[in-house]
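Input: a single structure, listed below in structure tokens.
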Amino acid sequence: MNLVKEHDQVYKEYLNFINETIKDVKSIRRTKKFILKKEDVATEKEISQIEGDSSVAEEIEESEIKQKRASSKIYNFSNGDVYIGKMVDGNMDGTGIYTFSTEEGTMEYVGDFKDDMKHGKGIFTFSNGNSYAGGFENDLMNGIGKMIYSSKDEYIGNWKDGQKNGVGIYIWEEGSVYVGEFRNSKMEGYGTCYNKEGKIIYEGEWKNNLVHGKGTYTWQEGKIYTGDFLHGKKHGTGTFYLNNELVYDGTWKFDKPSICNRSLDELFSSKF
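Take a look at the structure:
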């Protein structure tokens, strides 16, 4: 991936954090193998206590429960969910692996837990094939994270409460790249778009995943437009160059030059 030096440095910083997360997850998976080999499975009484069966809970001494839950083991819950890791006071706490099923398919989280929630660093695999590696807070994707989509597109950057927010990098499967601001999982703010050869094709403002505001668009054929955009169209005041020579400087309306509210084609075809 060819990016300008500033953007390349940001990408490397994000990637370092993701690689640390992947390293931690590999360690947790090694621990899982050790626990499976020991066959250290939580008893039915322990499971009932965790799931809130008070009649069984009375049969277990509280000190015994805390002691058992402090060590990592296999928890097979009555709804089919499986947790391999540590329990503290009936909650997943520490590092572990949680696997569960929905109508859409099976999902898995490997990483840090706190009070039964994903909290810290980890990898979450979605039922639709998407995979996220990075930070979590209160069960939601927060901080730096990387999402690999089932389409083979990728996003690496900042997240807030499960949404892409802040500066991030989106890479399409065919090689195009966007580097810039995101709000509520959409390209919005200031950003730069590269083609698959690494050349800048647009730099400027975005809104709702479209070029919007002030910006510069560059074509491979030596064409350059710099000026106003509206919802993905050249619209407002702008300048058009061809091979560095000025061709038109003025008003644009929905991708076409406009004079007196008429396109150049309309003016040239008019009969005087």
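Numbers given in the numbering used here equal positions in the sequence shown, counted from 1, plus 4.
Even for Gly, the Cβ is constructed at its ideal location relative to N, Cα and C.
Supposed close pair residue i, residue j - CB separation, criterion 8 Å
i: Ile88; j: Lys150; result: At roughly 24 Å, the Cβ-Cβ gap does not stay under 8 Å, so Ile88 and Lys150 are not in contact.
i: Gly94; j: Ile54; result: 5 Å
i: Asp97; j: Phe81; result: Incorrect: roughly 16 Å between the Cβ atoms, too far for contact.
i: Tyr198; j: Leu7; result: 7 Å
i: Tyr15; j: Ile51; result: Not a contact, Cβ separation roughly 45 Å.
i: Val29; j: Gly126; result: 7 Å
i: Tyr18; j: Ile148; result: 6 Å
i: Trp256; j: His235; result: Between His235 and Trp256 the Cβ distance is about 13 Å, and since that is not below 8 Å, they are no contact.
i: Met191; j: Gly184; result: 7 Å
i: Lys168; j: Gly161; result: 7 Å
Where residue i falls, given that 16 or more other Cβ within 10 Å makes a residue buried
i: Lys156; result: exposed
i: Ser76; result: buried
i: Ala137; result: buried
i: Asp119; result: exposed
i: Ile173; result: buried
i: Ile175; result: buried
i: Asp12; result: exposed
i: Thr196; result: buried
Simplified DSSP assignment, three categories, for residue i
i: Asp119; result: coil
i: Asn23; result: helix
i: His239; result: strand
i: Lys125; result: strand
i: Val45; result: strand
i: Leu40; result: helix
i: Glu50; result: helix
i: Ser31; result: helix
i: Gln13; result: helix
i: Glu209; result: strand
i: Glu225; result: coil
i: Ala61; result: Because the pLDDT at Ala61 is just 44, under 50, the model does not fix this residue reliably, and the point stays unresolved.
i: Glu107; result: coil
6 Å Cβ shell around residue i - same chain, five flanking residues per side excluded
i: Tyr252; result: Phe244 and Pro261
i: Asp85; result: Phe104
Proximal residues to residue i (C-beta, below 8 Å), its chain only, five neighbours per side dropped
i: Arg33; result: Ile101 and Val114
Cβ-heavy atom distance, residue i to the ligand ATP, below 7 Å
i: Ile22; result: This structure does not include the ligand ATP; it has no bound ligands of any sort.
Nonlocal neighbours in the same chain, by C-beta distance under 7 Å from residue i, ignoring five residues either side
i: Asp143; result: Met121 and Lys122
i: Ser131; result: Thr106, Glu108, Gly109, Thr110 and Met111
i: Asp259; result: Lys237 and Lys238
- Which runs of the beta strand (DSSP E) fall wholly inside the stretch 124-154 and span at least 3 residues, in chain order? Taking 3 residues as the minimum length, the beta strand (DSSP E) runs contained wholly in the stretch 124-154 are 135-141 and 144-152, in order along the chain.
- Message: Which runs of the beta strand (DSSP E) at least 3 residues long sit entirely within the stretch 177-205? Give them in chain order.
- Response: The qualifying runs are 181-187 and 190-198.
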